[in-house]
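Counting in our numbering, the sequence shown runs from 245 upward without gaps.
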Amino acid sequence: MKKVINITVVVVIVFLLLTGCNKIEEVNNEIPVVNKVYNKAEETNNIIDKKDSKDDNNSEDPFEKIDLSKKPNEAGQIMILMYHNIGNEESEWVRTVENFKKDLKVLYEKGYRPISLKDFVNNNIDVEAGYTPIVITFDDGNKNNFNIIVKDGKKIIDPNCAVSIYEEFHKQHPDFPLKATFFIFGKNPFRQKEFVEYKLKYLIEKGLDIGNHTIAHNNLTKLDSSSIQKVIGENIEFLSSILKDYEVNMLALPYGSRPKNKENEIYLRKGEYNGINYNNIAILNVGWKPSYSPIDKRFNPYSIPRVRASEINVDNVGLYDWLEYFDKYPQKRFISDGNPDVVTVPKKFEDIVDKNKLNGKLLYIYEEKE
Ligand SMILES: [Zn+2]
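Here it is, written out as structure tokens:
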């Protein structure tokens, strides 16, 4: 039977990765995780014999349904938006209610769709073909992120707080998923003691995420190893006492601060405090630029940059500056192929793909038509 396509099979030895070794061993039939690499750009025979493939029992081609006219590029960049306050007066750390509503509308219209931070770092990107994923984060757990008003003995979510605005937008635009992470600190997140438990459970039930922002918004620059583990672990201890089955394993660094002593850097990722072991899968900087794709060689989940979701920016690196940038250079932007099991990348970006980061997905390289 004629072979019509070239399929290279790369087998990744998972345990080697887990032990920190980056070696790839090629073709070992006993290893269960297989990353197929289909390189359409290197295909020698462009004519696919339809009769032949009909007779073939393995005719289901996961790449066949990918619409290349949408110019998918899953090696493109993704913005991790960083919000702080939703308030009355716009400033560097405050977005007004109207501007936050505007952001959601603009992102929606420009083809951006929220995904969770966990799915982002795990390369589980499920976005409609032709659209760009975006990650939304809120730092500090301010009251204006999630505020409860009691009216006639009834609990009402303040229509001007972030949670309510976002939920309302999602209701009107169901294809704009309700996905965000709230990085909170201390024992009174969202600043209404009587509603802490209600709010935390509410967010998790809605499919939103809670992230760690240390116990007291600690500056990590000068802390020793045990203090770093304490300020990270103590916050998890508190959150876990309310959210029993929820793992808090993402950290946003307060002030973007990292330990000056580089030997202590490891404790941002893993450590132990009071019998609690933590293992962070994502560490976020304060940052000023979009992130590399999670399959990019340069992507580091322990140092993820963020884009300030504001317009008052000293260095022109806010959300609207980057939106303009991606309008101007659309090839820099992550464009989904619509299939979460396939990572589709134009040939010209093939070299930036780290095949160890595919996380079991198939890699599809294609030659872009001008
Ligand atoms: Zn903060």
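A virtual CB, placed ideally from N, CA and C, is assigned to each residue, including glycine.
Within 10 Å of its beta-carbon, does residue i have 16 or more other beta-carbons around it, so buried, or fewer, so exposed?
i	result
T465	exposed
H417	exposed
K474	buried
V365	buried
E478	buried
S335	exposed
Y410	buried
K415	exposed
K423	buried
P358	buried
A460	exposed
D305	exposed
E270	Summary for E270: the model assigns pLDDT 31, below 50, so the residue's position carries little reliability, and this model does not support an answer.
G437	First, the amino acid is wrong: residue 437 is Lys here, not Gly. With fewer than 16 Cβ atoms within 10 Å of its Cβ, K437 is classed as exposed.
G455	buried
K488	exposed
D559	exposed
I556	exposed
So for residue i, helix, strand or coil by DSSP?
i	result
R502	coil
P358	strand
I596	helix
K398	strand
F427	strand
N433	According to the sequence provided, residue 433 is Pro. The question's Asn does not apply to it. Residue state, collapsed to three classes: helix.
K415	helix
S535	strand
Y522	strand
R550	coil
D363	helix
S470	helix
Alpha carbon to alpha carbon, how far is residue i from residue j?
i	j	result
N290	T381	Confidence in N290 is poor, its pLDDT being 34 and thus under 50, which makes the residue's placement unreliable; the coordinate value appears in the next sentence. Spanning the two alpha carbons is a distance of roughly 45 Å.
N603	E333	43 Å
E481	S471	15 Å
N563	N505	Residue identity differs from the one stated: residue 563 is Leu in this sequence, not Asn. One C-alpha to the other measures close to 32 Å.
K186	F578	Residue 186 cannot be examined here, being either before or after the span of the chain that is shown, 245 to 614.
K349	K399	28 Å
P549	G397	43 Å
I401	K605	40 Å
G385	E611	46 Å
F543	K395	47 Å
L444	D595	42 Å
I251	F593	At I251 the pLDDT is 39, less than 50, meaning the model places this residue with poor confidence and gives no usable figure here.
K576	E353	18 Å
T425	P316	26 Å
N521	N462	19 Å
K591	D370	22 Å
H457	L607	35 Å
Y490	T340	31 Å
K599	I476	32 Å
N389	W337	13 Å
G519	L483	15 Å
Does the distance from the C-beta atom of residue i to that of residue j stay below 9 Å?
i	j	result
I486	E441	yes
E318	S501	no
M494	F427	yes
L327	A406	Per the sequence presented here, residue 327 reads as Tyr, with Leu not at that position. In this structure, A406 lies closer than 9 Å to Y327 by Cβ.
I539	V586	no
N529	K514	no
S469	Y517	no
D363	A553	no
A496	I527	yes
N404	F434	no
D453	S360	yes
Report yes if the C-beta of residue i is less than 8 Å from at least one heavy atom of ligand 2; otherwise report no.
i	result
Y573	With respect to small molecules bound, the structure shown includes ligand 1 and not ligand 2.
Per the contact definition of three or more C-beta pairs closer than 8 Å, is the stretch 308 to 322 in contact with the stretch 577 to 592? yes
Answer yes if the stretch 548 to 568 comes into contact with the stretch 322 to 341, meaning at least three C-beta pairs across the two stretches below 8 Å, and no otherwise. yes
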